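Here the structure is laid out as structure tokens; the discussion comes afterwards.
Residue numbers (my numbering), protein chains in the order written: chain A, 1 to 483; chain B, 1001 to 1248.
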């Protein structure tokens, strides 16, 4: 009789939601046959015209990878990928550089506009320099000239290998060594492309640097490699956003991101992740196994902000090694899981330097039959005197069949350290919903309001235009099909 | 405006309202008084459409429409406002954002254009001073960290912003000191017009010193057992509810 709203109805409504960005582009891709062996690695390296040291790096990683086994400590369950069934390289056939925007394949433009991120609009409205990655080869880099004036390098990883080999060689693998973990080793062996960024000494990057990733060709894994180096006294804000087309088979995404903040430098790295999460029965969806880590020298600061709404399985811990004295690490996260999605995400804050400080704010939202875990490590090493950490991990449950889990690990080897940990778990309040509805607000909008309010501390960390996108994503993820 | 006829309502199978009949016309102020457990808050919740309550028989019409057929938000958009006894906190959602969303949902329902940012801000300014709500509270999260008095004042501020036809004040006087009571009542009185009506639910006569009712009803054991003018409230205050109980 009364159209009241129950959590069970919510759970049902959420399950009926369809992924909004599910479409496939018909651009011809140059795909290497499935399988992984030394020959394939030689082929990838040759196709990219790489120097011999990089080929050796890849081969060494492959050797290490072969000796490793897939990690199984995460609170996720999924069919193990068959690594011999994956194709490790796909590039759009049209690989020549575009002279102007008019030269870009119209269909590629359409893909971008479907995503709501047309380059024209981005260029005109936001002043964001977009390096658009479709599959593995970067096809559009803008604002390059303007950045070049300041000595800032922002380009595809492949381009950096050709143009700035000394920088790539110096820093590649210094934060995430090839033997770090199974997927980092795999990535080191077969990474296809990604982004490279270098901010020179004393330069404050005047615009947000942004890269949109997208898996496109069917059956190909994507192994992005990102390297951001902020030289002494520099500052950069880097944005990364992802959407992927709808797929029936699982797609593997194993990226590695390395950040290096030298003395007094600051890197702000923001991610909005919306890979295809699979359908409401748990079929398909992207496996997102990512290694992200940054290292801070003296007085440096690295701040990770992530809004994770997509992927069938997520395994991701953007971390900070606070090596330098007085360095600062921050982690702000919103992770939404729905239907059969599984997320095991969090951070590691490793305090090595004296007077180092870290902050962790994690907001998990689980709906449907999903499982959402926070896993975090705060480690204070012996020499890290007067270090401080504050952690806050909140979980919000929608419906009665989802799960929220928190695995906080604290290791403290110095008695002068101060560590605080706060955690809450709550269900979305029937009282809150009733209150909103009594003011004339629909159930759908009420949930969106409440969820966005709950995540506000994290969303506030995002650059303005990204925050709007993130709010939209949260609404799509949770509000879209209610009512 | 509001017609309740022989209303029976239950929660978890226990009948609370047992044949309540009441008519409220535009321009009128009605007070519902009664001892604890008589069904006062149940009445407010049923009018607003709270799903915990099951209406087993009887009707409620609002402006000749069947209120019981409407969803919670439809009732609100049609002009039913409930000032909560215990206003709910919504962390991270600013009062102004909350109200702007509400106003626009109501406007959309009525086929009117959305409110402009400028009009909205001047409305906030005007109405907040009207109920003596500190303007800093309007940009804070809804009711979060508000004192009891501030929460109640915020309810009246929301009422002023939304301009309902029928306002139901559920024990708005509880937990208020005399100054806050005067301000809240002043707000309610100032909003009174010939086109709207107010239903004041209260345990004590105190609030009725400031909001003068046209009718006072005594609710006891799920039914209205006595109706009179404002002097009935004074009589109740003097004699207590036992007088009603024994009179029955």
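Each residue gets a CB set at the ideal place from its N, CA and C atoms; glycine is no exception. Treat the numbers as computed from the prediction; the structure is a model and nothing was measured.
| Item | Value |
| --- | --- |
| Pick from 1153(B), 1045(B), 1089(B), 1222(B) that is closest to residue 1008(B), judged by C-alpha positions | 1222(B) |
| Residue 185(A) (DSSP reduced to helix, strand or coil) | helix |
| 7 Å Cβ cutoff met for residue 87(A) and residue 46(A) | no |
| Residue 1126(B), DSSP secondary structure in three states | helix |
| Length of the line joining the Cα atoms of residue 1151(B) and residue 1143(B) | 6 Å |
| Host beta strand (DSSP E) of residue 296(A) (start-end) | 285 to 296 |
| Helix, strand or coil at residue 235(A) [DSSP, three-state] | strand |
| Bridge partner(s) assigned by DSSP for residue 409(A) | 377(A) |
| Burial state of residue 464(A), where buried means 16 or more other Cβ atoms lie within 10 Å | exposed |
| Minimum C-alpha distance to residue 351(A) - residue among 301(A), 393(A), 53(A) | 301(A) |
| Beta-carbon contacts of residue 70(A) that lie in its chain and below 7 Å, excluding the five residues immediately before and after | 80, 182 |
| Segment contact, 8 Å Cβ cut-off, at least three pairs: the region 1180 to 1194 of chain B with the region 1107 to 1122 of chain B | no |
| CB contact flag (residue 171(A), residue 267(A), <7 Å) | no |
| At least three beta-carbon pairs within less than 8 Å, the region 1186 to 1204 of chain B to the region 1029 to 1041 of chain B | yes |
| Residue 165(A) vs residue 51(A) beta-carbon contact at 7 Å | yes |
| Nearest-angstrom Cα separation, counted from residue 193(A) out to residue 1071(B) | 53 Å |
| Where residue 1104(B) falls: helix, strand or coil (DSSP) | helix |
| Span of the beta strand (DSSP E) around residue 392(A) | 388 to 397 |
| Contact list for the region 1021 to 1051 of chain B against chain A, Cβ threshold 7 Å | 1048, 1049, 1050, 1051 |
| Integer-rounded CB distance, given that residue 417(A) should sit under 8 Å from residue 388(A) | 7 Å |
| Among 335(A), 189(A), 57(A), nearest to residue 255(A) - alpha-carbon criterion | 189(A) |
| C-alpha gap between residue 1153(B) and residue 377(A), whole angstroms | 45 Å |
| Residues near residue 1130(B) by beta carbon distance below 7 Å, same chain, minus five either side | 1160, 1187, 1190 |
| Under 8 Å (Cβ pairs) to chain B, residues found in the region 411 to 445 of chain A | 429, 431, 432, 434, 435, 436, 437, 438, 439, 440, 441, 442, 443, 445 |
| Residue 1209(B) beta carbon near the ligand ADP (any heavy atom closer than 6 Å) | Annotation note on the ligand ADP: not contained in the displayed structure, which lists no ligands. |
| Contact under 7 Å by Cβ, residue 1208(B) with residue 1031(B) | yes |
| Under 7 Å between C-beta atoms of residue 403(A) and residue 371(A) | yes |
| Where residue 1084(B) falls: helix, strand or coil (DSSP) | coil |
| Residue 468(A) classed as buried or exposed, judged by whether at least 16 other C-beta atoms fall within 10 angstroms | exposed |
| Identified DSSP bridge partners for residue 272(A) | 241(A), 307(A) |
| N-terminal and C-terminal residue of the alpha helix (DSSP H) that residue 1189(B) is part of | 1178 to 1191 |
| CB contact check: residue 1073(B) to chain A, cutoff 7 Å | yes |
| Residue 204(A), buried or exposed, once every other Cβ within 10 Å from all chains shown has been counted against 16 | exposed |
| Where residue 456(A) meets chain B, residues with beta-carbon distance less than 7 Å | 1092 |
| Residue 1210(B) beta carbon less than 7 Å from that of residue 1233(B) | no |
| CA-to-CA distance, residue 1215(B) to residue 1228(B), given in whole angstroms | 6 Å |
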